[in-house]
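Shown next, in structure tokens, is the structure this report addresses.
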Amino acid sequence: MRPLTHIVLHHSATDATLGMCDPEGAALWAAIERNHQKRWANTVPGYVCDYHFGLGPTGVVFAGQPLAMVAFNCGNARINAVSIAICFLGNFQVARMPAVQYTAGVQLLRSLSAHHVIPPSRLMLHREVPSERTGIPGFTACPGRWFPSAAIRTALQEHGGGGLSRAVMTR
């Protein structure tokens with residue numbers, strides 16, 4: 014198993030679902046995976062997704078890239094190599110996160126942080142990751158201006174680990 018020392022948080026920068034026929038975001042998650050697989054198909058055999066987990070608007074947790082494999086998620090190879098990438102489905106540049114999605118996200122983060130002994134200080138927003146080219150963070154707005162990062166960090170600092178409230182979906 015590769016060393017896991019950081020968690021990087023993202024938003025999909027899309028609608029949270031593909032419409033009324035996709036209330037949990039499963040079809041959107043599958044589309045994200047297909048897009049990422051096409052991008053890396055010729056260079057990384059068995060690549061699944063740029064994120065290890067996805068979180069739908071109803072709190073469903075989707076499995077992505079296996080944790081044993083690097084997910085190319087943040088534009089910084091050093092951070093990619095040691096991080097767990099989590100994508101919250103939705104565009105938090107223009108909308109606020111549903112409470113159930115926030116709660117599931119905090120539970121997932123508590124569980125991963127406890128299991129992999131990752132302190133809250135190593136939780137990063139994508140926009141906080143330094144650019145590999147310049148070394149300066151802020152080359153993206155991800156995970157969006159309305160992403161509840163302060164609340165998530167406070168929740169992780171105030172409480173220890175926790176389990177998942179919803180089952181992790183697998184293929």
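Residues 14 to 184 in the working numbering are what the sequence shown lists, from first letter to last. Note that the Cβ used here is the ideal one computed from N, Cα and C, for glycine as well. This structure is a prediction, so every number in the text was calculated from the model and none was measured.
Under three-state DSSP, which class holds residue i?
i: G148; result: coil
i: S96; result: strand
i: H24; result: strand
Cα-Cα, which of the options is closest to residue i?
i: W42; options: C100, Q120 and A117; result: C100
i: L143; options: G118, A90, A117 and P133; result: The question names Leu, but residue 143 in the sequence shown is Pro. The shortest Cα separation from P143 among G118, A90, A117 and P133 belongs to A90.
i: H139; options: S124, S162, L121 and T71; result: S162
i: A82; options: G88, R158 and P58; result: This sequence places Met at residue 82; Ala is not what is there. Minimum Cα distance to M82 is reached at P58.
i: S96; options: G72, F85, V119 and L169; result: F85
i: L125; options: E37, W53, M110 and F66; result: F66
i: D2; options: M137, E46 and E37; result: Any question about residue 2 goes unanswered here, given that the chain covers just 14 to 184.
i: H24; options: P133, G32, M137 and C34; result: M137
i: W159; options: P150, Y115 and I92; result: Y115
i: P70; options: A39, W53 and E145; result: A39
i: H172; options: A154, I149, G151 and L121; result: L121
i: G88; options: L169, P16, I149 and A26; result: I149
Along the beta strand (DSSP E) that carries residue i, what are the first and last residues, could you check?
i: G118; result: Taken as a continuous stretch (DSSP letters only), G118 belongs to no beta strand (DSSP E), being part of the alpha helix (DSSP H) at A112 to H129.
i: V74; result: V74 to A76
i: L68; result: F66 to L68
Could you please give the first and the last residue of the uninterrupted alpha helix (DSSP H) stretch that includes residue i?
i: L169; result: S162 to E171
i: L41; result: A39 to W53
Per DSSP, which one or two residues make a beta bridge with residue i?
i: H139; result: According to DSSP, H139 bridges with nothing at all.
i: F85; result: Per DSSP, none; premise fails for F85.
i: F105; result: In the DSSP output, where bridge partners are listed per residue, F105 has none listed.
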